[in-house]
Each structure stands twice: as structure tokens, then as C-alpha cells.
Amino acid sequence: MILISVVLTLFFAAFQRMTGPTHPEDGFVEREGERVAFSLPRSGTVGEDTRIAVPAKSLKDSRPEGDERTGIADACQPETSGSLPVPDSACSGCHSSCIESKHAARLHYRHYPFLDGEEWIELPMCQEEGYWVAFLPSQPMAGKLAYYVEADGVSYHQETPLIIRYKGSVPAAVLIPHILLMFLAMFFAVMAGLAALLNAPLYKRYSVFTLALLVLGGLVFGCLVQKYAFDVYWAGFPMGGDLTDNKTLIAVLAFLIAVVLTFLPRRKPLQESGAMPMSEPVVSEMSKRKTVVKQVGKLADETAPLESTTGQAAMQGSKPIGPSATRSWTRWVVLAAAIVMLGIFSVPHSANGSELDRTTGEIVSGE
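Numbering (mature numbering (1 follows the signal peptide of the UniProt record, and there is no 0)), first residue to last: -19 to -1, 1 to 348.
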């Protein structure tokens, strides 16, 4: 049971890491008979320009025939002209006059969502350790850019530009506990589901662990992550439509219901426990018994052993009353909550998340 829980937790951890709209777009390109990897980011940090890099051919291959200059420093020297070169901060100190005439790579970007009348902005790229490199400018919280690259005759996502979203920097002291607690919650949710399926009593304890971890990891540290990233503690229902926050809310509610139903005491019928309701006939009968109690004093002594034996048998045949006497079907509720948890972790992270409304300047979600 533990092994299955560990495997499923690791699987969903990898799935969450490798999917979603903010996961980098990874790929390979052929260069001189070799496959060279590249990774194009889809998430940026506010206050930091984002490095965009794609594999490059040699500098000599990128220059016009007859140009024999070697090395990045030489290639970035401007040709003799009547005007001074203008430094381009987007290209590691290379000069725009050299870049425009010699370099064969361009980074194109636009603000997203697109507004009428806006054009693609073009940035030249420089070579750096075998890669064409340029930098996207930083954006405000939840701001987005669409971009694509053209380099050495190869187009990178020109037909379907990549969308990069910017977020505030989240301290490791907040982000790491959030991640660990959420995946611990996933682990105990699977444990609770398997225990419930096998009718093992530990499913009750595991469901409590899961609920506690979800509250701490999702509602406490999760809200802190949202605040640092997008300056809002909660963007889910009813405040907004952030899918990540709504997934957390659904998981918490599912296990809250499961825990409440599991530990809710079972009310046994009085007839089953050997007692009778205190109705008027019973009260009348008790009054009659009080009038003759003295007459049967001796009989009471004789029947005491019999009553003791009968009472013990009745206690052995009845189930205990109290918190431990839970409803037998509640294990299926716990199993259902675990299935809900698996379904939630099957949805890519950060989907339908926060976005800057460019017309109002406000951060919206779920649109």
C-alpha cells in the first residue's frame, strides 16, 4: 500500500512539473549532425528580463560570404560608417549596426492579450556559447507576452507563438513548504483511499492527515504563494476563477466531508441497545413496580445471578456506542474523496490562472 502511494505521488509530481501553461517548451534541433536541446520559457519573474536562447550555427555560417571575422567580439564590432553605433541592451553589449547587418536571428514579441493596432516588436539576437540569445523585457505581475524566434532559417513557434506570464518572486521559505505539504497530502490521500478500499481501519486516520495537510499546504502556504506571485491571497471561488485555487478548495471540501461523516457518532436505536423509550405506559409500569418491590425482595436476590448473566450476554451481542461506532459506508466516502484528489492532480498546474487585464490594469483570473 505504501509503495503504490509513493509511486502514484511521484508520478503526479512529475506530471505537475512537466505540464501546464507555464512549463518551458523543450525541444531539439539538428546542428552539424547532432541533436542540440533548447528550452523556451513560459514563466518569468517580475523585475528580471527573461533570457531566450536557441541553438546557433557557427558565426561564420551566419555571416555573408567573404566576411572572415572570427569570434563573438569581432563579429559584434560595427562596420565603418559615418554614425556611431548605438549599444543594444537586449543583446549583451553588441552594437545595433552590426546586429542589423550581420546576425541571422531575431526575437519577435507582442504584449498579450493582443490589442488592435499593435505590431510585433523585433529584437536582434547575439551568439553566446553556441546559442542565439536575446532578452524579453520584464512585465508587471500577471502580465503576459507572446513571442517566437527566427534563427538560421528555422522558425520557433512562429505559427503558434508561446505565451510567457510574469509573476512576483516567491521566497523559498514559502514555496518549498507549499510544495512538500501538497504532495504529502497527495500521498496520504492515496493511502486513505487504498485503506478504505481494503476496509482497513487506518483509512480514518489517513483521511484526517490528508485534510490537515491540505489546509496547511493549500489554504495557508498556498495563499501566501498567491500573494507573493500575484498580490492576491485568494483568486478562486467566490473571488475569481483561478483553477489552481478552485482545485484546492474542492480537495479540502471533499476530505472535510469524508472526515466529518467518518467520525460522526452513530446513533443506535434505543430498542437495539435494550432500552425502551420513556413513554407514558413505561412510566406507569415503573410506578406499579415500585409498589410491589418490597414483595419481591427475596426473588430479586435469587434472580440477581441470572440478570448478571443476561446483561453480560446482551453487552457481548451489542456494538459499542460512541465515536468509534462509525457508519460502515463512510469508507466509500473516503475512497471517493481520494479519487477526487487524483482527478485534481490530473489537471495541469497553473491552468486558467491570473492574467493582467491590459484595458483596466487589474489582475483577473479564470478568463
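Glycine included, every Cβ here is placed at the ideal spot set by N, Cα and C.
Asked, Found
"List the endpoints of the continuous alpha helix (DSSP H) containing D226.", "224 to 244"
"Look up I344 in the DSSP assignment and give the residues it is bridged to.", "L337"
"Below 8 Å, can you find three or more Cβ-Cβ pairs linking the region 160 to 169 to the region 214 to 223?", "no"
"Label V241 either buried or exposed according to how many other C-beta atoms from any shown protein chain fall within 10 Å of its C-beta, with 16 as the threshold for buried.", "exposed"
"Identify which residue in I102, K125, K208 has its Cα closest to the Cα of P94.", "K125"
"Given W215, which residues of its chain have a CB within under 7 Å of its CB, disregarding the five upstream and five downstream residues?", "C204, Q207, D226"
"Quick test of the definition: if touching needs 3 or more C-beta pairs under 8 Å, does the region 102 to 111 touch the region 327 to 336?", "no"
"How many Å lie between A86 and V213 at the Cα?", "39 Å"
"Can you give me the Cβ contacts of F(-8) inside the same chain, cut-off strictly under 7 Å, excluding the 5 residues immediately before and after it?", "M167, F326"
"Determine the DSSP secondary structure at P36, reduced to helix, strand or coil.", "strand"
"What would DSSP say about W113, mapped onto helix, strand or coil?", "strand"
"Starting from T26, follow the beta strand (DSSP E) in both directions and report where the run begins and ends.", "24 to 26"
"Looking at F9: is its Cβ nearer than 7 Å to the Cβ of R(-3)?", "no"
"Tell me where the beta strand (DSSP E) around S327 begins and ends.", "That residue, S327, is in no beta strand (DSSP E); it is neither H nor E in DSSP."
"For I157 and V196, what's the separation of their Cα atoms in angstroms?", "16 Å"
"Under the rule that 16 or more other beta-carbon atoms within 10 Å means buried, what is G342, buried or exposed?", "exposed"
"Using the three-state DSSP reduction, which class does S119 fall into: helix, strand or coil?", "coil"
"For S(-15), does the three-state DSSP call read helix, strand or coil?", "helix"
"Can you find a C-beta in chain D that's less than 7 Å from the C-beta of S309?", "The structure shown contains no chain D; it holds only a single protein chain."
"Going by the DSSP bridge assignment, what does C107 pair with across the sheet?", "V114"
"Using alpha carbons as the reference points, say which of T191, L183, G149, P152 lies closest to F169.", "T191"
"Within the same chain, show all residues whose beta-carbon is closer than 6 Å to that of R12, passing over the 5 residues directly before and after it, in chain order.", "P36"
"Can you check whether the CB of A318 is closer than 7 Å to the CB of A193?", "no"
"Is the number of C-beta pairs between the region 148 to 155 and the region 130 to 140 that are closer than 8 Å three or more?", "no"
"Helix, strand or coil for H4, going by three-state DSSP, please let me know.", "coil"
"Going straight from the alpha carbon of A18 to that of R186, what length do you get?", "47 Å"
"What first and last residue would you give for the beta strand (DSSP E) that runs through S188?", "Here S188 belongs to no beta strand (DSSP E); instead the alpha helix (DSSP H) covers 184 to 195."
"Out of curiosity, what's the CA-to-CA distance linking A232 and M322?", "6 Å"
"Short of 7 Å in beta carbon distance, which residues of its chain neighbour T31, apart from the five on each side in sequence? Order them along the chain.", "P22, G25, F116, L117, I145"
"If we count the other Cβ atoms within 10 Å of its Cβ and call it buried at 16 or more, is W101 buried or exposed?", "exposed"
"Just how far apart, CA to CA, sit L175 and A154?", "32 Å"
"Relative to the alpha-carbon of L337, which residue among A(-6), P121, E6, P5 has its alpha-carbon at the smallest distance?", "P121"
"For I(-16), collect the residues of the same chain with a Cβ closer than 6 Å to its Cβ; drop the 5 residues on either side in sequence, then sort them by chain order.", "none"
"Quick check: what's the CA-CA separation for P5 versus P246?", "50 Å"
"How many Å lie between D7 and K228 at the Cα?", "27 Å"
"To which residues of the same chain is H138 closer than 6 Å at the C-beta, ignoring the five residues directly before and after it?", "Y129"
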